[in-house]
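Undergrad: In our numbering, the protein residues as written are -8 to 308. Take this structure, written in structure tokens, and hold onto it; I'll ask about it next.
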Amino acid sequence: MMTLKKVTIGSALLSLMIIILMIIFRDTKSELFTMLSIALGATIFFTLLYYLYTTERIKQNTPKTTYKYLFFAISIPFLIFAIDVTEESEGFLKEAIRVLLALEIGYLIFSWVFTEWKNIQTLKNEKAKAELSLLKEQINPHFFFNTLNNLYSLIKKDSDAAQEYVLQLSDLMRFTIYDSAKEKVSLQQEINYLNNFIELQTARYHKDIDINFVKTIQNSDTKIAPLLFIVLLENAFKHGVEQITENASIHLELIENQHNILFTIRNNFDTEQFSKNEGIGLKNLKERLTLVYPNRHQLNCTIEEDIYTATLEIIKQ
-8 MMTLKKVTIG SALLSLMIII LMIIFRDTKS ELFTMLSIAL GATIFFTLLY
42 YLYTTERIKQ NTPKTTYKYL FFAISIPFLI FAIDVTEESE GFLKEAIRVL
92 LALEIGYLIF SWVFTEWKNI QTLKNEKAKA ELSLLKEQIN PHFFFNTLNN
142 LYSLIKKDSD AAQEYVLQLS DLMRFTIYDS AKEKVSLQQE INYLNNFIEL
192 QTARYHKDID INFVKTIQNS DTKIAPLLFI VLLENAFKHG VEQITENASI
242 HLELIENQHN ILFTIRNNFD TEQFSKNEGI GLKNLKERLT LVYPNRHQLN
292 CTIEEDIYTA TLEIIKQ
């Protein structure tokens, strides 16, 4: 078994022999002197690397970049020395040494630039994830604050119906707390969530509401970021149904195909009480869409007389 002592002695003897030969052939114009110089450098490099590894200054789990930069730290000065030695010689070896040095320097520059670029991208991704997590935390309390108010009103008006809808609220909470923590959920889960919300909200108001939800779905297992459509539906109840005394309406349409997902919601509203100020829910939705679907979404909100229309399109990859 090779020990550090044996390797050191062997390398020392080999180096001594090479140095003697270099002294003998130092005045020759052949490439033998250059080959001996390369052999001496390789021997020293191997001995140094073996020493570092054996003494655990370099461990088995040392990152590969450590070995890479150690190699360049030794080889580049050696190549510069070899260029100086072969300055007056001719042949393939002279050109090969210069090309090799240029390649190593070029690789180091490219490697540094690429590493810096990767670090910047990693920082951007981490920042985006942190912002998205914060936005979800803002959405959940905002949603439950309104929902609990709705449930309180329902208990006062119809306690029997309230018991049934407590179960639906439980489903809403389970989805919002657990499933919304996931990056993606199935489109069917999102639809169920919207249906539960609609039933809970319509039970709150003791008035006729023209509400219709049309779904044209090719694949209900399609994955989508959670809690996107609920913001638009919640706004339709808050700024439409809640403020209109009669003939309130909400029409929803959800289309899914192999190219995109299109969600459209229309509701009427009281023009005298309508505010053009953007609420926190819609603001958060826009920020989430920018983070989750950059350059792959369109959110348009329009007003025609007393009809408010919101359209959200998500383009599939």
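Cβ atoms here follow ideal geometry from the backbone N, Cα and C, with glycine treated the same way.
Taking Cβ to Cβ, would you say residue 189 is nearer than 8 Å to residue 204?
TA: Here residue 189 refers to the residue found at position 198 of the sequence shown. Here residue 204 refers to the residue found at position 213 of the sequence shown. Yes, the Cβ-Cβ distance between residue 189 and residue 204 is below 8 Å.
Undergrad: I think residue 31 touches residue 2, with their Cβ atoms under 8 Å apart; what is that distance to the nearest whole Å?
TA: Position 40 of the sequence shown, counted from the first residue, corresponds to residue 31. Position 11 of the sequence shown, counted from the first residue, corresponds to residue 2. In fact, because the Cβ distance is near 10 Å, the residues do not count as touching under 8 Å.
Undergrad: Between the Cα of residue 182 and those of 34, 254, 230 and 273, spot the shortest distance and give me the residue it belongs to.
TA: The sequence position of residue 182 within the sequence shown is 191, counting from 1. The shortest Cα separation from residue 182 among 34, 254, 230 and 273 belongs to 254.
Undergrad: Taking the beta strand (DSSP E) that residue 211 belongs to, which residues open and close that run?
TA: By 1-based counting over the sequence shown, the position of residue 211 is 220. Here residue 211 belongs to no beta strand (DSSP E), and DSSP marks it neither H nor E.
Undergrad: Which residue spans inside the stretch 204 to 276 form an unbroken beta strand (DSSP E) run of at least 3?
TA: For the stretch 204 to 276, whole beta strand (DSSP E) runs of length 3 or above, ordered along the chain, are 239 to 247 and 251 to 259.
Undergrad: Look at the Cβ atom of residue 305, then the Cβ atom of residue 215, and state whether they are nearer than 8 Å.
TA: Here residue 305 corresponds to residue number 314 of the sequence shown, with the count starting at 1. Here residue 215 corresponds to residue number 224 of the sequence shown, with the count starting at 1. Yes.
Undergrad: Taking just the CA atoms, how far does residue 223 sit from residue 262?
TA: Within the sequence shown, residue 262 is the residue found at index 271, counting from 1. Within the sequence shown, residue 223 is the residue found at index 232, counting from 1. Roughly 18 Å separates the two Cα atoms.
Undergrad: DSSP has residue 177 in a bridge; who is on the other side?
TA: On the sequence shown, position 186 is the one that residue 177 refers to. Beta-bridge pairing by DSSP links residue 177 to 214.
Undergrad: Measure the beta-carbon distance from residue 260 to residue 196 and round it to whole angstroms, keeping in mind my assumption that it falls under 8 Å.
TA: Residue numbering aside, residue 260 sits at position 269 when the sequence shown is read from its first letter. Residue numbering aside, residue 196 sits at position 205 when the sequence shown is read from its first letter. Distance from residue 260 to residue 196 at the Cβ level is roughly 15 Å; contact not present, criterion being Cβ atoms closer than 8 Å.
Undergrad: Contact between the stretch 242 to 250 and the stretch 288 to 297 is defined here as three or more beta-carbon pairs at a separation below 8 Å; is this criterion met?
TA: Judged by Cβ distances under 8 Å, the stretch 242 to 250 makes no contact with the stretch 288 to 297, as fewer than three pairs qualify.
Undergrad: How about residue 163 and residue 184: are their beta carbons less than 8 Å apart?
TA: As a first step, residue 163 must be located in the sequence shown, where it is residue number 172. As a first step, residue 184 must be located in the sequence shown, where it is residue number 193. Taking C-beta atoms as the reference points, residue 163 and residue 184 count as a pair closer than 8 Å.
Undergrad: Please go through the same chain and pick out, in chain order, the residues whose beta-carbon is closer than 6 Å to the beta-carbon of residue 228, but skip the five residues on each side of it.
TA: As a working note, residue 228 is residue 237 in the sequence shown. Taking C-beta separations shorter than 6 Å and ignoring five residues to either side along the sequence, the partners of residue 228 in its chain run 192, following chain order.
Undergrad: Does DSSP put residue 170 in a helix, in a strand, or in coil?
TA: By one-based count along the sequence shown, residue 170 stands at place 179. DSSP, read as helix, strand or coil, puts residue 170 in helix.
Undergrad: What's the gap between the Cα of residue 243 and the Cα of residue 112?
TA: Indexing the sequence shown from 1 puts residue 243 at position 252. Indexing the sequence shown from 1 puts residue 112 at position 121. Taking the straight line joining both Cα atoms gives about 38 Å.
Undergrad: Relative to the C-alpha of residue 235, which candidate in 264, 251 and 210 has its C-alpha closest?
TA: Walking along the sequence shown from the start, residue 235 turns up at place 244. Comparing Cα positions, the closest option is 264.
Undergrad: Assuming residue 303 and residue 282 make a contact with CB atoms under 8 Å, what is their CB distance in whole Å?
TA: The residue labelled residue 303 in the question sits at position 312 within the sequence shown. The residue labelled residue 282 in the question sits at position 291 within the sequence shown. Actually they do not touch by this definition, with Cβ atoms about 15 Å apart.
Undergrad: Using three-state DSSP, classify residue 304 as helix, strand or coil.
TA: In the sequence shown, counting from the first residue as 1, residue 304 sits at position 313. Three-state result, residue 304: strand.
Undergrad: Applying the criterion that 16 or more other CB atoms from any shown protein chain within 10 Å of the CB defines a buried residue, is residue 285 buried or exposed?
TA: By 1-based counting over the sequence shown, the position of residue 285 is 294. Exposed: under 16 other Cβ atoms inside 10 Å.
Undergrad: Give the DSSP bridge partners of residue 295, in chain order.
TA: Counted from its first residue, the sequence shown places residue 295 at position 304. Residue pairing from DSSP places residue 295 in a beta bridge opposite 298.
Undergrad: On the premise that residue 9 lies in contact with residue 34, defined as a C-beta separation below 8 Å, what is that separation, rounded to the nearest angstrom?
TA: Reading the sequence shown from its first residue, position 43 is the one you call residue 34. Reading the sequence shown from its first residue, position 18 is the one you call residue 9. 7 Å between Cβ atoms; contact.
Undergrad: With distance defined between alpha-carbon atoms, name the residue in 4, 232 and 104 nearest to residue 258.
TA: The residue labelled residue 258 in the question sits at position 267 within the sequence shown. Measuring from the Cα of residue 258, the nearest candidate turns out to be 232.
Undergrad: Run through DSSP, which three-state label would residue 199 get?
TA: Residue 199 sits at position 208 when you count from the first residue of the sequence shown. Coil at residue 199, not helix or strand.
Undergrad: Taking all protein chains shown into account, do 16 or more other C-beta atoms lie within 10 angstroms of the C-beta of residue 239, making it buried, or fewer, making it exposed?
TA: As a position in the sequence shown, residue 239 is number 248, starting the count at 1. Label assigned to residue 239: buried.
Undergrad: Taking its Cβ as the centre, do 16 or more other Cβ atoms sit within 10 Å of residue 166, making it buried, or is it exposed?
TA: As a working note, residue 166 is residue 175 in the sequence shown. The residue in question, residue 166, is buried, as its Cβ has 16 or more Cβ neighbours within 10 Å.
Undergrad: Going by DSSP, what residues sit across from residue 289 in a beta bridge?
TA: For the purposes of this step, residue 289 is taken as the residue at position 298 of the sequence shown. Per DSSP, 304.
Undergrad: Residue 206: which of 110, 217, 186 and 151 sits nearest, CA to CA?
TA: The sequence position of residue 206 within the sequence shown is 215, counting from 1. Of 110, 217, 186 and 151, the smallest CA-CA separation from residue 206 is found for 186.
Undergrad: Hey, how far is the Cα of residue -6 from the Cα of residue 38?
TA: Reading the sequence shown from its first residue, position 3 is the one you call residue -6. Reading the sequence shown from its first residue, position 47 is the one you call residue 38. Rounded to the nearest angstrom, the two C-alpha atoms are 12 Å apart.
Undergrad: Closer than 7 Å by C-beta to residue 52: which residues in its own chain qualify, once you throw out the five before and the five after it? Chain order, please.
TA: Counting from 1 along the sequence shown, the entry for residue 52 is found at position 61. Low confidence applies to residue 52: its pLDDT is 49, below 50, so where it sits in the model is not reliable, and the reading given next is rough at best. Here the set comprises nothing.
Undergrad: Please state the DSSP three-state secondary structure of residue 149.
TA: On the sequence shown, residue 149 is found 158 positions in, with the first residue counted as 1. Correct three-state label for residue 149: coil.
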